[in-house]
Amino acid sequence: MLELRLVQGSLLKKVLEAMKDLVTDANFDCSATGFSLQAMDSSHVALVALLLRSEGFEHYRCDRNITMGMNLNNVSKLLKCAGNDDIITIKADDGGDTVTFMFENPKQDKISDFEMKLMDLDSEHLGIPDAEYHAIVRMPSLEFSRICKDLSSIGDTVVISVTKEGIKFSTRGDIGNANIVCRQNTTVDKPEEATVIQMNEAVSLTFALRYLNSFTKATSLSETVTISLSSELPLVAEYKIADMGYIKFYLAPKIED
Amino acid sequence: QCIQKRISEYFSRV
Chain A
44 MLELRLVQGS LLKKVLEAMK DLVTDANFDC SATGFSLQAM DSSHVALVAL
94 LLRSEGFEHY RCDRNITMGM NLNNVSKLLK CAGNDDIITI KADDGGDTVT
144 FMFENPKQDK ISDFEMKLMD LDSEHLGIPD AEYHAIVRMP SLEFSRICKD
194 LSSIGDTVVI SVTKEGIKFS TRGDIGNANI VCRQNTTVDK PEEATVIQMN
244 EAVSLTFALR YLNSFTKATS LSETVTISLS SELPLVAEYK IADMGYIKFY
294 LAPKIED
Chain B
140 QCIQKRISEY FSRV
């Protein structure tokens, strides 16, 4: 028996919006730790890892580990039927082939439930070891989103370089080229407005902008994004989900032939 | 000319 009650239902709505364009079908794993997902995009260039810890739910019952295969577009459609202030409860029976999403409005005078058939998906779970990154940059998520959007009107790929000077995003296209540098800036009114650069070694990598733009769909989940870079590893863009966990996007670089 | 790497070239299946 699985029963997860999330008071801040809008979080789940935002999580689905953040993933549904990148990943079509995915297995949600439920265990004592929490509600999690790991999935790749269809071309296996990007990977998303989600964790919503059990402590973040008002009620969390998961009698045994359960994997539920779902089409994220369909889940997103169902969650669009929930109001932003609704409480969302996810229910499933052990060994069953359906999941139920229940929505309660704040006044508790409207209760909706939607039952969805689960899918049997081949799960390809990758082991992601802890790594030391050459550079870790925390910046306002809206700023990162703006940069990716602006640069994609000029080019298809971006070179992200971190030096002592800051983090530089560069692109080139038919009309010309563009460089945006964000310097470390900790003299801000609120900590979430800061740009903080931790650099052990300078790093410069090339990425496809369309994936980065897709990651920025998670912007509403967190005011900051943490970008980790190493020359031998995929980029990680992490959006922390307050009191609950995270959504992390991994992106393999483009390498000179 | 740039080649797009895949995630599986960095992380292995478990």
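In order, the protein sequence lines correspond to chains A and B.
Under my numbering, the letters of the first sequence match residues 44 to 300, in that order.
Under my numbering, the letters of the second sequence match residues 140 to 153, in that order.
Ideal placement from N, C-alpha and C gives every residue a C-beta, glycine not left out.
Just so we're clear, the structure is a prediction, and the values are computed from it rather than from any experiment.
C-beta neighbour in chain B for residue i, strict 7 Å
i, result
"A295 of chain A", "yes"
"T249 of chain A", "yes"
"T287 of chain A", "Just to set this straight, residue 287 of chain A is Met in the shown sequence, not Thr. No, because no Cβ of chain B sits closer than 7 Å to the Cβ of M287 of chain A."
"H168 of chain A", "yes"
"N83 of chain A", "Looking at the sequence itself, residue 83 of chain A is Met, so the reference to Asn does not match. Yes, contact with chain B."
"H177 of chain A", "no"
"L90 of chain A", "yes"
"I171 of chain A", "yes"
"L276 of chain A", "yes"
"D300 of chain A", "yes"
"H87 of chain A", "yes"
Bounding residues of the alpha helix (DSSP H) (the contiguous stretch that carries residue i)
i, result
"Y254 of chain A", "252 to 258"
"N116 of chain A", "115 to 122"
"A245 of chain A", "From DSSP, A245 of chain A is part of no alpha helix (DSSP H); its letter is neither H nor E."
"I190 of chain A", "184 to 195"
Own chain, CB closer than 6 Å to residue i, minus 5 neighbours either side, in chain order
i, result
"N70 of chain A", "T110, G112, L164, S166"
"G288 of chain A", "L94, L95, R96"
"I270 of chain A", "V180, A280"
"S274 of chain A", "V246"
"D286 of chain A", "G99"
"T214 of chain A", "L194, I197, G198, V201, A221"
"Y254 of chain A", "A89, L294"
C-beta contact flag for residue i and residue j at 7 Å
i, j, result
"S265 of chain A", "K283 of chain A", "yes"
"L115 of chain A", "V66 of chain A", "yes"
"V231 of chain A", "G209 of chain A", "no"
"I133 of chain A", "V50 of chain A", "no"
"D156 of chain A", "T141 of chain A", "no"
"L194 of chain A", "V201 of chain A", "yes"
"F292 of chain A", "V91 of chain A", "yes"
"V88 of chain A", "A295 of chain A", "yes"
"S177 of chain A", "L272 of chain A", "One detail in the question is off: residue 177 of chain A reads as His in this sequence, not Ser. Their beta carbons are under 7 Å apart, which means H177 of chain A touches L272 of chain A by this criterion."
"E46 of chain A", "R104 of chain A", "yes"
"L80 of chain A", "A174 of chain A", "no"
"M242 of chain A", "I146 of chain B", "no"
"M182 of chain A", "T238 of chain A", "yes"
"Q143 of chain B", "K297 of chain A", "yes"
"S184 of chain A", "V268 of chain A", "yes"
"I240 of chain A", "Q227 of chain A", "yes"
Residue i - containing beta strand (DSSP E), residue span
i, result
"A92 of chain A", "89 to 96"
"I171 of chain A", "Note, I171 of chain A: premise wrong, no beta strand (DSSP E); not H, not E."
"T141 of chain A", "141 to 147"
"A237 of chain A", "Segment: none, A237 of chain A is in no beta strand (DSSP E) and carries neither H nor E."
"D72 of chain A", "68 to 73"
"Y103 of chain A", "102 to 105"
"A135 of chain A", "130 to 135"
"Q143 of chain B", "141 to 143"
"I146 of chain B", "Segment: none, I146 of chain B is in no beta strand (DSSP E) and carries neither H nor E."
Coarse secondary structure for residue i, derived from DSSP in three states
i, result
"G219 of chain A", "strand"
"L264 of chain A", "helix"
"L80 of chain A", "strand"
"K35 of chain A", "The structure shown has nothing for residue 35 of chain A, since chain A only spans 44 to 300."
"S151 of chain B", "coil"
"M62 of chain A", "helix"
"E158 of chain A", "strand"
"E208 of chain A", "coil"
"G288 of chain A", "strand"
"E167 of chain A", "coil"
"E275 of chain A", "coil"
"G99 of chain A", "helix"
"G112 of chain A", "strand"
Close-in-space but distant-in-sequence residues of the same chain around residue i (CB under 7 Å, 5 per side omitted)
i, result
"E60 of chain A", "S119, K260"
"M302 of chain A", "Chain A is shown from 44 up to 300; residue 302 of chain A falls before or after that span and cannot be answered."
"R48 of chain A", "F100, E101, H102, I130, T132"
Using a beta-carbon distance cut-off of less than 8 Å, what residues from the stretch 191 to 225 of chain A approach chain C?
-> Chain labels in this structure do not include chain C; the protein chains are A and B.
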